[in-house]
Amino acid sequence: MAYARQHGVRVVGIEPMSCLAEPPTLPEEIREMGETLMTHHRENPRSTSRVGYCVDIAHGYADSEGKIVHDHWELMAAALPYTTEIHLKNTDSLYNSTFGFTDAERERGIIDIEKTRDFYLAHSKSLPVSNLIGYLEIGGPKLGRDYSDCRLEKSLRESLRYLKETFVSGTSDHPETIKAPVEIVSRNGSDRAVVQIAPSMMCADQLHFEESVRRMEAHRADLLHIDIMDAGFAPNMPLGFEVVKALRPITDLPIDVHLMVEDNDFFVGQFAEIGVDLISVHAESCV
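Put into structure tokens, the structure is as follows:
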């Protein structure tokens with residue numbers, strides 16, 4: 045938190061996870077870590093960055109026998125006082141798969157976006173922010189195949205359209221549940237703002253990256269989300285510094301970097317120099 049503040053990072057993001065090996069996962073872990081870090085920042089406001097949770101609405105905890113111990117509603121509720129961002133994705137009844145919100149995917153998934161929207165509206169006074177950022181996270185079809193590449197655009201368009209209609213426009217399948225654009229209210233009732241959508245650029249065509257950025261701008265995305273891995277903490281390494289360096293001068297959209305790396309200090313420093321707007325890290329790599 046102190047290192048992040050020294051390098052100009054305003055908020056350090058932490059994502060609660062879904063297994064005991066990656067705390068915080070259980071509700072009590074989520075609450076304890078959040079309160080500990082927020083207390084530390086309150087005691088050292090000039091030398092530390094704020095901390096916020098990036099909550100995955102499709103995370104629940106199932107034990108080694110496949111029994112659901114805590115569903116996604118319990119984990120979302122535990123994280124409320126520390127939630128600054130949300131992952132918008134769908135999943136199955138065991139919290140195993142990741143997919144989006146096309147018509148077909150909504151039929152087989154368990155995540156109800158309308159109820160999720162209503163949950164955060166009902167508990168808006170518990171949130172620490174007035175702008176609750178949400179971004180779509182989907183695996184998509186296998187990339188690099190002629191028979192599946194063509195399906196990615198349809199999946200992204202349908203999912204983003206449904207999310208924006210449900211969260212913002214009030215024209216979802218049940219429009220009577222919301223009569224105006226959704227607004228998240230801060231604790232003191234000021235600075236009202238709509239929920240924001242940040243599509244993940246990891247799913248973009250890397251050979252036509254700028255074209256993908258322009259499409260996101262045309263569809264009025266609020267932020268661009270970049271997943272960064274180091275082939276160590278996470279086994280893959282799809283995007284790196286050079287992509288973000290090239291991206292920064294060609295768009296005015298805020299860049300939200302999600303680090304899945306072992307050396308957070310090094311990566312935070314590098315991306316702060318590049319000029320990204322938000323950086324999230326994994327708690328279990330901050331030791």
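For the sequence shown, the residue numbers in the working numbering are 45 to 331.
By construction, the Cβ of each residue, glycine as well, lies at the ideal position given by its N, Cα and C atoms.
Burial state of Leu322 is buried, judged by a 10 Å Cβ sphere holding 16 or more other Cβ atoms.
Judged by DSSP secondary structure, Cys194 falls within the alpha helix (DSSP H) whose first and last residues are 190-208. Taking a 10 Å sphere around the C-beta of Ile294, we find fewer than 16 other C-beta atoms and assign the residue as exposed.
The region 117-126 makes contact with the region 170-181; the number of CB pairs closer than 8 Å reaches 3 or more. Per the coordinates, the alpha-carbon of Ile272 lies some 30 Å from the alpha-carbon of Glu158. Going by C-alpha positions, Cys247 is about 16 Å away from Met304. Residue environment analysis places Ser137 among the exposed positions, since fewer than 16 neighbouring C-beta atoms fall within 10 angstroms of its C-beta. For the options Glu87, Asp162, Ile101, the alpha carbon positioned closest to that of Asn134 is the one of Ile101. The region 45-56 and the region 110-118 do not touch, with fewer than three beta-carbon pairs separated by less than 8 Å.
Looking from the CA of Glu254, the closest CA among Ala290, Ala275, Gln240 belongs to Ala290. The beta carbon of Gly183 sits closer than 6 Å to those of Thr142, all from its chain and outside the five residues before and after it, given in chain order. Contact annotation: Tyr97 and Ile58 have beta-carbon atoms nearer than 8 Å. For Arg54, there is no enclosing beta strand (DSSP E), as DSSP marks it with neither H nor E.
Excluding sequence positions up to five before and after Gly313, its CB lies within less than 7 Å of the CB of His51, all in the same chain and listed in chain order.
Under DSSP, Phe143 shares a beta bridge with Asn134. Sequence-distant Cβ neighbours of Gly110 in its own chain, meaning closer than 7 Å and more than five residues away, are Leu138. Ser62 is the residue among Glu197, Leu200, Thr92, Ser62 whose C-alpha sits nearest the C-alpha of Val113. Counting only residues of its own chain and dropping the five nearest sequence neighbours on each side, Met77 has a CB closer than 6 Å to the CB of Pro68. Asp300 is bridged by DSSP to His269, Leu322.
Taking C-beta atoms under 8 Å as the contact rule, Phe277 and Ser203 fail to qualify, at a distance of about 27 Å. In this structure His84 is exposed. Its beta-carbon is surrounded by fewer than 16 other beta-carbon atoms within 10 angstroms.
Excluding residues up to 5 positions away in sequence, Met281, Val305, Glu306 lie with their Cβ nearer than 7 Å to the Cβ of Asp274 in the same chain. Listed in chain order, the beta strand (DSSP E) elements of length 3 or more contained wholly in the region 66-107 are 94-100. Following the DSSP letters along the chain, one finds His116 inside the alpha helix (DSSP H) bounded by residues 116-123. Between His269 and Asp300, the CB-CB gap stays under 8 Å. Burial state of His302 is buried, judged by a 10 Å Cβ sphere holding 16 or more other Cβ atoms. Its chain contains Ala46, Arg49 as the residues whose beta carbon lies nearer than 7 Å to that of Ser91, once the 5 sequence neighbours on both sides are disregarded; these appear in chain order.
A distance below 8 Å separates the beta carbons of Leu180 and Leu132.
Counting only the Cα atoms, Glu66 lies some 8 Å from Pro60. Of the residues Arg152, Phe145, Leu176, the one whose Cα lies closest to the Cα of Arg205 is Phe145.
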